[in-house]
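Chains as they are written, first to last, in the working numbering: chain A, 1 to 330; chain B, 331 to 660; chain C, 661 to 990; chain D, 991 to 1320; chain E, 1321 to 1650.
The beta carbon of each residue, even a glycine, is placed where N, CA and C say it ideally should be.
Input: a single structure, listed below in structure tokens.
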Amino acid sequence: MATNYAASVIVDCAHYREGERSDEEPLSIPEAAERLHEDGFVWIGLHDPTDEEMSEVAQEFDLAPLAVEDARERHQRPKLEDYGDDWFLVLKAARYDEAREEVEFGEIQIFVGASYAVVVRQGDVEDLRGARKRLEEHPELMHEGPVAVVWAIMDKVVDDYEPVIDGIEADIDEVERAIFEEGEDQTQRIYFLRRELARFYRAVHPLLAALQPFERQSVQHVSDAMRPYFRDVADHLRRLDEEIAMQRDLLDGALNANLGQITVRQNDIVRKVSGWAAIGILPTLIASIYGMNFDHMPELHWLLGYPFALALMATLSFSLWRFLRRWHWL
Amino acid sequence: MATNYAASVIVDCAHYREGERSDEEPLSIPEAAERLHEDGFVWIGLHDPTDEEMSEVAQEFDLAPLAVEDARERHQRPKLEDYGDDWFLVLKAARYDEAREEVEFGEIQIFVGASYAVVVRQGDVEDLRGARKRLEEHPELMHEGPVAVVWAIMDKVVDDYEPVIDGIEADIDEVERAIFEEGEDQTQRIYFLRRELARFYRAVHPLLAALQPFERQSVQHVSDAMRPYFRDVADHLRRLDEEIAMQRDLLDGALNANLGQITVRQNDIVRKVSGWAAIGILPTLIASIYGMNFDHMPELHWLLGYPFALALMATLSFSLWRFLRRWHWL
Amino acid sequence: MATNYAASVIVDCAHYREGERSDEEPLSIPEAAERLHEDGFVWIGLHDPTDEEMSEVAQEFDLAPLAVEDARERHQRPKLEDYGDDWFLVLKAARYDEAREEVEFGEIQIFVGASYAVVVRQGDVEDLRGARKRLEEHPELMHEGPVAVVWAIMDKVVDDYEPVIDGIEADIDEVERAIFEEGEDQTQRIYFLRRELARFYRAVHPLLAALQPFERQSVQHVSDAMRPYFRDVADHLRRLDEEIAMQRDLLDGALNANLGQITVRQNDIVRKVSGWAAIGILPTLIASIYGMNFDHMPELHWLLGYPFALALMATLSFSLWRFLRRWHWL
Amino acid sequence: MATNYAASVIVDCAHYREGERSDEEPLSIPEAAERLHEDGFVWIGLHDPTDEEMSEVAQEFDLAPLAVEDARERHQRPKLEDYGDDWFLVLKAARYDEAREEVEFGEIQIFVGASYAVVVRQGDVEDLRGARKRLEEHPELMHEGPVAVVWAIMDKVVDDYEPVIDGIEADIDEVERAIFEEGEDQTQRIYFLRRELARFYRAVHPLLAALQPFERQSVQHVSDAMRPYFRDVADHLRRLDEEIAMQRDLLDGALNANLGQITVRQNDIVRKVSGWAAIGILPTLIASIYGMNFDHMPELHWLLGYPFALALMATLSFSLWRFLRRWHWL
Amino acid sequence: MATNYAASVIVDCAHYREGERSDEEPLSIPEAAERLHEDGFVWIGLHDPTDEEMSEVAQEFDLAPLAVEDARERHQRPKLEDYGDDWFLVLKAARYDEAREEVEFGEIQIFVGASYAVVVRQGDVEDLRGARKRLEEHPELMHEGPVAVVWAIMDKVVDDYEPVIDGIEADIDEVERAIFEEGEDQTQRIYFLRRELARFYRAVHPLLAALQPFERQSVQHVSDAMRPYFRDVADHLRRLDEEIAMQRDLLDGALNANLGQITVRQNDIVRKVSGWAAIGILPTLIASIYGMNFDHMPELHWLLGYPFALALMATLSFSLWRFLRRWHWL
């Protein structure tokens, strides 16, 4: 007996034959299950299904029980599990929250068999409809069967990594400017950017290993014609992987540079402070001298002794100031 | 002649046939040894056995002598030793002591043959009864024989690593807050967290190598049906391994950030101190000036000369204070 | 129907038979396409073609569609894609802008088939005519077919990496001199040189992987005679790769040395400042003493008391100065 | 003609047949050489032989000339050389000199053939008699031939590494306490411990590679029964190797923590110094004020003006002290 | 027609048959070329030949053209190029200039065929005659043909690396002493030693890869008897490689220790300076107090008021000095 699916759970559910969508309207799960034995394949997109909803799909489509159990717990690492006839694939979708300088992750799980592709989107991640639309516009790819779905979603997910990298790069540029132009301490910001980068790396890097079987040796259901497409995705991913490594290296360098600049500034402060102290001590010394109580101090009796002393103080201070200025001490 | 086992040594001892427990009550070691030649297998759980107790079990079950000798010395690294018909497996159980911020380890040793699984728990580690109970509820797994016991215990041990990681993560969060919000020096705490993480890594990482034979190529007595289960454990372990690597990296970053913050604070202190020194030196200079002994200093003879001097001191000090304030020096 | 190519797009287009150029004048694209079925091969050089211009060439020469799509997006990593009969190769050309201390990159894409080599130069990179000229002077190499074109261009591109390395090395020398001889802070410069080096590394390093198939096992259309030539390029590249690694290491060392020198200088400043402060405090103390109001202070009544006090101040200050000088404090 | 061996050179020399020692008394070299053609094998232990003594043994036992030449020069890295019928093995024995915190090394060289094991101990290293005694008590092992000697000596040498690791660990504990509890600078000690660890690592790590042939694929003269014994040694060595890596990491962390603590202490010093300076400057300012020469300063004429001024100085200084105390500045 | 070789170019040129030198006197190049078709082989040693001189040798001996072109450009990395029948080998000779603390490099190129070994020495490197002499004294090795020449030269070059390592080690010892005993800043020296070590590493490390084919699988013209000799060289090289790695690590540690010591010394300076400042401020405060103008200050009227004040100043300063001394502040 069919569960009542919450309205938002089934994003779309369609049967494709010879690369063409059979029905315009989304099918229900049981309708889709019936089509499994026909030619072509069924593509179901789910969003945050409950455990019961997931169980029914699993039963109708005869999904591998271990894969289904796996799918239940979130926060898995990207991976490809091969269950003989079927595979189970986990991907991490990512989005950069520019304001909080944090990477947000969602999880995408794909169950693939000879005649179905069940795509489960967990969490608040980018809609995948773009992937379906793009594939529906290329019947020659859709004709390749469920593996084309895998490709289309991977391609979309990896494309969506691009703005994350760009966002972090923009923040690194800001950090560089703050350090070298404004001389601001960036320790905290660098620390947290580095942490986000490490989290992002953990989403991106294991996917490379999961992509290898598609790219190199033949996985079941993958035709030779699809291989260059997967190689293309892998290539993109490798570039992102290298960029993450480079950004990480930049941030490490920036942390060191930041510390260097702080230390340089400390030197400046000590120099400036001591310079001004010297300028302040000179007149004090002169005042102390004319405060001595000797009986015979001719200046004390001059009519202009007092202005003379004040002028002496000012002159000496000013000369010292100019001197320190010229020697780049101030 | 049978040794008298201390009450707490034999945790449980049972014979399983076709996935079902044969007797409700625990068997004695000699009883169990007799069942070895029947169908099914025997599962013995021991806790901190003495050398003599261990020797008797070894004799009754004909365990590999080198493995038994190995088992005697604690503090081994996780490993799988293949003795042809039998294997010997060493695991590290872990628990996080939140108060002392230390990871505590116990050792679990498993002797596996075609018809027995002898599980020895050394030290003050988590009870493994959960693993037995779980397996008794899944006769289809228990039916796989001793290898199912290995899986169940590995799964339990690896699941118990999770709270360790979580505990360390919570401490890292506290360290981050202490550094960036409260500006406290965290050098010592970071140092010791890093040490605990290194110790934990030494328990987790070698287990991955020990799991590989189960996961990839066939080890003796391991059916194809069990493989995905081991793959699942390995996958979990790999995720923990990556998380340890990331936490370690975070701690390295935190140590640098901590040092950076200390240096920044040093700048602040020097700046503040010198600012206040300047504010204190100005009135001293004025007092020195009016302490000079010139005959002709008109202010000295003013009726309000003294209050005027005090006011001058206060005004100059206050102006300097405002000036330094505006330039973010104080 | 043929597109009208912008004057500057087609750099050269020729047909080669038995190592010799068939026509002195450049061919048009359609003319070249007709020659594809004759003996020999066609070599087209394009510079910044528009999408339409590229499309026509792709159609006439039947280039692999995925490769053409790839070529459209710039900023790819160096790679070799094998499409069975054809390959697609991406290279990064580099130039060092000495004034801005930045490495500038262009992209070179090569489509290679049994009877054609289409070379697309993207961006403001060094002209490749040198490669064509060199090859036309060596008919025995040109006779090897399109693979010779690949070699000639790779060789040219890798040779052009040399001045980049030299430019960065010269800058590192300057940095070393600035740190150790002039004692200037070089944090910012080191940071940006390191960044440029990382960018350059990303152009050089992946090319090694792309070169491997030419060097080791036979790729299609590559004769044994060509192999040593590719090995030569690979060898050159490996040396550059090692030099980048060494330069990077030098810059890391320089950053540390720079920080060390800053800290040493800070010690010097603190020492100097405090030395001069001591020299300034001594006379102030003496002046304060002779400013005391005791009834019985014989010096106050001496005729030469005042000059005596001044001389005492000068003598003590000078002695302290000499003393600090001798102890290397000043 | 036989050389006269120095008394201490031949530690022991015996012939073993079927696991049993043939003669109780040590044999002379020529006697031993005669037994080579009988069943069983000869085991000679030498200590610091001269070149001539070594040459005679080499001639009598027909040792591989290159191996003998190798043996002459000390300071080799641990290695296994396979000369077809014979092998040559180099091991490093280690001892920790707790007082000087230095690791001392000796060299052990083993020449192994089908019917002999010549063990040369170079330098002031632990006696190996324990290994011989242990083996003589296990005839079933001795029966395996010269390979059992190799195992027994390796096992002894690796066991003797344990106290080195323990000694260094105890020193690291002391360093931690010194840094975090006593706040002492430990830079020098950490540096030299790190150096000793690096030297020790060079003795331990290459031995792992030398052990591999014994452990994995069959080396000549090594029976399957011996393999688990070598695996056991290798396992021990791997654990030591990991512990060295961890200790090294701890020392790196300790160096950073040490620097962090020094910097924190510097902040404390600057804060304290400036606090006390402020407390000292306040009364000076007041004294200066009352040293001014204004005609009209009522306090100067008070009977208790002087005590009032002193009290004011004390009160202000004390208040400032309490204030700084409360703000954790002092 | 034969070129006239500069006197110093041909170091020696001889033909060897059955391990024996055929003629005592050096042959001319054309004479040598004629012997190529006889039994045995020709060994030519050249030093800094001009391009023409090199060309003639290449022509007479039919050297691989690409190898000859390679040889023309200096500054290659060590490598072994296999041209089927012939090989081409590049080595770096090294010498340590103790005074300038720099490693100087020369280049040695060896062209090897079935019946010749052409050894070209480029730059100001150690004479290789020792290698020839040694081989002429071992006809059984010389009998192995040109490969023995390769071994003899490699062995000599690698032996000559030893004093370089020793020289750098001596400098590191000096650096350690300077840091820990004399407390001198060693930043600059460490930086440049590290650079030299990196340059030396680039000469030593790639040679290991070039040696592998000789050591492991059979290269053409290399008999089994020669293999242990090459293994010996490789072993030596591996030890040097490890020592370089260790020295590099020591220098990294020394740089950190150096920075630590500088920071410790900074603490000392700040502490000392502030201590002396406190000692100087106390008497100034007392002088200020007795400079106040109160009507009623009994001490001012004491006969011994002035000496009393001076004594008070001295006593207080001395007490503070002792106090700070006892607390290890000074």
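On a Cα-Cα basis, can you pick out the residue from the options that is closest to residue i?
{"i": "D/Asn1130", "options": "D/Tyr1219, D/Glu1043, D/Lys1262 and D/Ser1309", "result": "Correcting the residue identity first, residue 1130 of chain D is Glu in this sequence and not Asn. Here the closest residue by C-alpha is D/Tyr1219."}
{"i": "B/Ala587", "options": "A/Thr50, A/Tyr191, A/Arg121 and A/Arg227", "result": "A/Tyr191"}
{"i": "C/Ile832", "options": "C/Arg849, C/Leu867 and C/Trp703", "result": "C/Arg849"}
{"i": "B/Asp454", "options": "B/Arg595, B/Leu615 and B/Ala423", "result": "B/Ala423"}
{"i": "C/Gly843", "options": "C/Gln907, C/Val882 and C/Gln921", "result": "C/Gln921"}
{"i": "B/Val563", "options": "B/Glu466, B/Glu545 and B/Ile619", "result": "B/Glu545"}
{"i": "A/His75", "options": "B/Ser649, B/Glu573 and B/Leu633", "result": "B/Glu573"}
{"i": "E/Ala1437", "options": "E/Arg1497, E/Asp1405 and E/Glu1457", "result": "E/Asp1405"}
{"i": "D/Glu1021", "options": "D/Pro1039, D/Asp1038, D/Glu1046 and D/Ser998", "result": "D/Glu1046"}
{"i": "E/Arg1397", "options": "E/Thr1635, E/Ile1606, E/Tyr1521 and E/Val1590", "result": "E/Tyr1521"}
{"i": "C/Arg792", "options": "C/Glu694, C/Ala674, C/Leu990 and C/Gly913", "result": "C/Ala674"}
{"i": "D/Asp1052", "options": "D/Lys1069, D/Leu1227, D/Ala1089 and D/Val1102", "result": "D/Val1102"}
{"i": "B/Arg451", "options": "B/Met484, B/Glu354, B/Gly497 and B/Glu467", "result": "B/Met484"}
{"i": "B/Arg524", "options": "B/Asp412, B/Leu646, B/Ile498 and B/Asp378", "result": "B/Ile498"}
Answer yes or no: does any C-beta atom of chain A fall closer than 9 Å to that of residue i?
{"i": "C/Glu741", "result": "yes"}
{"i": "C/Ala662", "result": "Reliability fails at C/Ala662, whose pLDDT of 49 lies under 50, so the model's placement of it is uncertain and no value is given."}
List the residues of chain A whose Cβ lies closer than 9 Å to the Cβ of residue i, in chain order.
{"i": "B/Phe510", "result": "Thr187, Gln188, Tyr191 and Phe192"}
Please compile the residues from chain D whose C-beta is within a distance smaller than 9 Å of the C-beta of residue i.
{"i": "E/His1463", "result": "The contacting residues do not exist; E/His1463 stays about 16 Å from chain D at best."}
With 9 Å set as the bound, which would you pick, yes or no: does the beta-carbon of residue i sit closer than that to a beta-carbon of chain D?
{"i": "B/Glu629", "result": "yes"}
Show which residues of chain E have a CB atom less than 9 Å away from the CB atom of residue i.
{"i": "C/Leu910", "result": "Tyr1511, Arg1514, Arg1515 and Ala1518"}
One question on the structure: do residue i and residue j come within less than 9 Å of each other, judged by their Cβ atoms?
{"i": "B/Ser358", "j": "B/Gly370", "result": "no"}
{"i": "C/Val809", "j": "C/Leu706", "result": "no"}
{"i": "D/Ala1188", "j": "E/Leu1527", "result": "no"}
{"i": "E/Ile1364", "j": "E/Asp1390", "result": "no"}
{"i": "E/Gln1586", "j": "C/Asn927", "result": "yes"}
{"i": "B/Val552", "j": "B/Val477", "result": "yes"}
{"i": "C/Val763", "j": "C/Val824", "result": "yes"}
{"i": "C/Leu626", "j": "C/Leu915", "result": "Past the edges of chain C, shown from 661 to 990, lies residue 626 of chain C, and the structure says nothing about it."}
At least one CB of chain E closer than 9 Å to the CB of residue i: is that the case?
{"i": "D/Met1303", "result": "yes"}
{"i": "C/Tyr861", "result": "no"}
{"i": "C/Asp757", "result": "no"}
{"i": "C/Phe978", "result": "no"}
{"i": "C/Asp955", "result": "yes"}
What residues from chain E crowd round residue i, counting only those whose CB sits closer than 8 Å?
{"i": "C/Met906", "result": "Ala1518, Arg1519 and Arg1522"}
Run through chain D and tell me which residues come within less than 8 Å of residue i, C-beta to C-beta.
{"i": "E/Ala1545", "result": "By Cβ distance, chain D contributes nothing, its closest Cβ being about 10 Å from E/Ala1545, past 8 Å."}
Taking 9 Å as the CB-CB limit, is residue i close to chain B?
{"i": "D/Arg1340", "result": "Here chain D covers residues 991 to 1320 and nothing more, so residue 1340 of chain D does not appear."}
Which residues of chain B have a Cβ atom closer than 9 Å to the Cβ of residue i, listed in chain order?
{"i": "D/Asp1225", "result": "Asp400, Gln406, Arg407, Lys409 and Glu411"}
Spell out whether any CB of chain C is found under 9 Å from the CB atom of residue i.
{"i": "E/Gln1586", "result": "yes"}
Legend entry - Segment contact, 8 Å Cβ cut-off, at least three pairs: the stretch 1400-1412 of chain E with the stretch 1424-1435 of chain E: yes
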